[in-house]
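Please read the structure below before turning to the comments.
Number of protein chains: 2
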Amino acid sequence: MRSTMNVNTAKRHAVVESPYGPLTLVATDGVLSGLYMTGQRHRPADESFGERVAAEEAPFPEVVRQLAAYFAGELTAFDLPLRLEGTDFQRSVWDQLVRIPYGDTWSYGELAARLGKPNASRAVGLANGKNPVGIIVPCHRVIGASGGMTGYGGGVDRKVRLLAFEAGDRD
Amino acid sequence: MRSTMNVNTAKRHAVVESPYGPLTLVATDGVLSGLYMTGQRHRPADESFGERVAAEEAPFPEVVRQLAAYFAGELTAFDLPLRLEGTDFQRSVWDQLVRIPYGDTWSYGELAARLGKPNASRAVGLANGKNPVGIIVPCHRVIGASGGMTGYGGGVDRKVRLLAFEAGDRD
DNA sequence: CGACGGCTGGCGGTTTTCCGACATCAAGCC
DNA sequence: GGCTTGATGTCGGAAAACCGCCAGCCGTCG
C-alpha cells in the first residue's frame, strides 16, 4: 500500500429523484464528473464521491434543470461542462457518444469505425460501460449490430425505457 | 495511458558538487525528497525531477550547508525535514536507517529484527536500495551479517569510502 | 581443531507478466 | 438460422521473477 495519496481534487455530490430512481450527481472542482443510478455496474464506491451537499449548490441546479427538461421531453441536447476522467481511448469513445443524435442509435461497431479502429467494437463496449456520466453522455444509444440491447450499466430495462422515450413513446 | 495526471506536487532540483561526484538534490513542495549520485541504480528518470534551479533557492542552501559540514567531518547527524515517498514497508525501513549512529553499521538482519520481521532481511535489502535520499538517510551503514559490503546503489566503492570516512580514515 | 569459502534452501516485499473476463462483430462453415 | 474464430482496450487478480540476505552444512587447508 502506498502511503501518499491524491487528495487534491475537491469532490462533492448530491442525490436527486428521477423517473429512473435516485440519481447521484458528482462534481469535481465545480464541474459535473459523474451521474450514477442505483445498482449501476462499475459504480465507484460512495466514499469516492466526496461530501454530500444539497442539490441547490453549484453546479447542480443547472444540471437538475436540464435533466428535468429532458425527462419532460423538452430537451434533446444537453449543454453542460463536463469533466470526464479516463484513458485516452475511453475519452475518445465518450466524445463520440455525445454526437449520437437524440432518438438515434449506433452499433458498437459503427462507433469503433468512427474512431478508425473498426475491430475495436468489443473495447468500445467496455469503455461504454465505464461511462461516468449516464444519460447526459448517452451511452444508452449504442446497441448491438443486429438490434440487441446487449447490456447497460443501469440495467437493460432502463436502457429500453430510455430509448423508447426518446423514440417518442409516451406511455 | 491515462490522460489526467498528477501535477499537484511541485518538484524542483539542483545539482551540486561533492567528493563523491555531482549530487542531484530534489525537492517536493519545498522539502528535500531525493539525493542521487551519478550512475546510481534505481535512479528515477531525470524528467521526474522537475525544473532545474540554482542551488541558492530554498530549500537547497541549508541542505548544501549540512552536506559540506558532513564532508568536512564536522557533522555527524543531519537535521533536515524530509519527504520520503514509498510503501509502508519501505518507509519503516528508512525510518530505522536514520537511527544508525554515525560510524556504526548494522546488518540487514539486525535491521529486519528491529522491525519485528526477523526473516525480512532480504526485503530490507531491496527497500534499502530504493532509498531516495542517499548519504543523508545513511543506507550505506547497512552491511552483510558477515561484514561483506554486498551492494550499494551508488557503487560499492563509494560505500567503502563513506564508511571508511565515518570510521575516521582521513587520507 | 578452527577459520574460511562455497553451496543450498528458505525467507519476504515489490515489480513484472500473464490470463481471463467483458455491453462486439464479421467471416466462414454447417 | 446457429457455432467458431480472431481482433480490441482495460482491469483485477494470480503467479512468477527479482533481489544490496542469512543460517546451516560440508568440505579444504593450515
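Each protein sequence line maps, in turn, to chains A and B. Just so we're aligned: the first sequence equals residues 1 to 171 in the working numbering. Just so we're aligned: the second sequence equals residues 1001 to 1171 in the working numbering. We put the CB at the ideal spot given by N, CA and C, even for glycine. Note that the structure is a prediction, hence the values are computed from the model and not measured.
Top-ranked residue by Cα proximity to residue i, from the options
i, options, result
"A1077(B)", "G1144(B), R1091(B), G1103(B), Q1090(B)", "G1103(B)"
"E1085(B)", "A1014(B), L1162(B), A1127(B)", "A1127(B)"
"R12(A)", "R52(A), G129(A), F89(A)", "R52(A)"
"P1044(B)", "E1057(B), E1056(B), V1026(B)", "V1026(B)"
"L975(B)", "G1021(B), P1019(B), V1015(B)", "Past the edges of chain B, shown from 1001 to 1171, lies residue 975(B), and the structure says nothing about it."
"G147(A)", "I136(A), V160(A), A123(A)", "V160(A)"
"D95(A)", "I136(A), E56(A), L23(A)", "I136(A)"
"R1122(B)", "E1047(B), V1133(B), E1074(B), F1089(B)", "F1089(B)"
"G129(A)", "L82(A), R91(A), P118(A), R83(A)", "R91(A)"
"G1172(B)", "T1105(B), E1056(B), G1134(B), T1150(B)", "With chain B running from 1001 to 1171 in the structure shown, residue 1172(B) is simply not present."
"L1075(B)", "V1063(B), L1082(B), R1083(B), P1081(B)", "V1063(B)"
"F1049(B)", "G1030(B), T1150(B), R1065(B), E1056(B)", "G1030(B)"
"P1081(B)", "V1093(B), T1087(B), G1073(B), A1058(B)", "A1058(B)"
"S1018(B)", "E1047(B), A1010(B), R1065(B)", "R1065(B)"
"A1167(B)", "H1042(B), A1055(B), G1073(B)", "G1073(B)"
"H1042(B)", "L1115(B), G1116(B), G1151(B), A1164(B)", "G1151(B)"
"D79(A)", "A164(A), M149(A), P138(A)", "P138(A)"
"A164(A)", "A10(A), T105(A), A55(A)", "T105(A)"
"R1083(B)", "T1028(B), T1009(B), A1010(B), N1119(B)", "T1028(B)"
"A1120(B)", "P1132(B), N1131(B), V1093(B)", "V1093(B)"
"E47(A)", "E56(A), A10(A), R114(A), V124(A)", "A10(A)"
"M1149(B)", "G1125(B), N1131(B), D1169(B), P1132(B)", "G1125(B)"
"T1087(B)", "G1116(B), K1117(B), N1131(B)", "N1131(B)"
Contact test: residue i Cβ vs the ligand NAP heavy atom, cutoff 7 angstroms
i, result
"A58(A)", "For the structure depicted, the ligand NAP is absent and the ligand set is empty, with no information on it obtainable."
Simplified DSSP assignment, three categories, for residue i
i, result
"S1033(B)", "strand"
"R141(A)", "helix"
"E1051(B)", "strand"
"A1127(B)", "helix"
"V1133(B)", "strand"
"S3(A)", "The predicted position of S3(A) is uncertain, since its pLDDT is 47 and thus under 50; a value taken from the coordinates is nonetheless stated next. Correct three-state label for S3(A): coil."
"P61(A)", "helix"
"D982(B)", "It is not possible to answer for residue 982(B), since the shown part of chain B is limited to 1001 through 1171."
Residue range of the alpha helix (DSSP H) that includes residue i
i, result
"K1159(B)", "1156-1166"
"L1080(B)", "Counting along the chain, L1080(B) falls outside any alpha helix (DSSP H), and DSSP gives it neither H nor E."
Residue range of the beta strand (DSSP E) that includes residue i
i, result
"A14(A)", "11-16"
"A1027(B)", "1023-1028"
#### Entry: Cβ contact (3+ pairs, closer than 8 angstroms) linking the segment 1142-1155 of chain B and the segment 1033-1040 of chain B
Yes, the segment 1142-1155 of chain B touches the segment 1033-1040 of chain B.
### Message
When you compare the segment 1138-1151 of chain B with the segment 1100-1117 of chain B, are there three or more beta-carbon pairs, one atom per stretch, that lie closer than 8 angstroms?
### Response
Segments in contact, yes.
### Task
Say whether the segment 1064-1077 of chain B touches the segment 1108-1116 of chain B, bearing in mind that this needs 3 or more beta-carbon pairs closer than 8 angstroms, one atom from each stretch.
The count of Cβ pairs closer than 8 angstroms, one atom from the segment 1064-1077 of chain B and one from the segment 1108-1116 of chain B, stays below three, leaving the stretches out of contact.
### Task
Give, in chain order, every unbroken run of the alpha helix (DSSP H) that is at least 4 residues long and sits entirely within the segment 66-121 of chain A.
Taking only runs of at least 4 residues, the alpha helix (DSSP H) segments lying wholly in the segment 66-121 of chain A are 88-97, 108-114.
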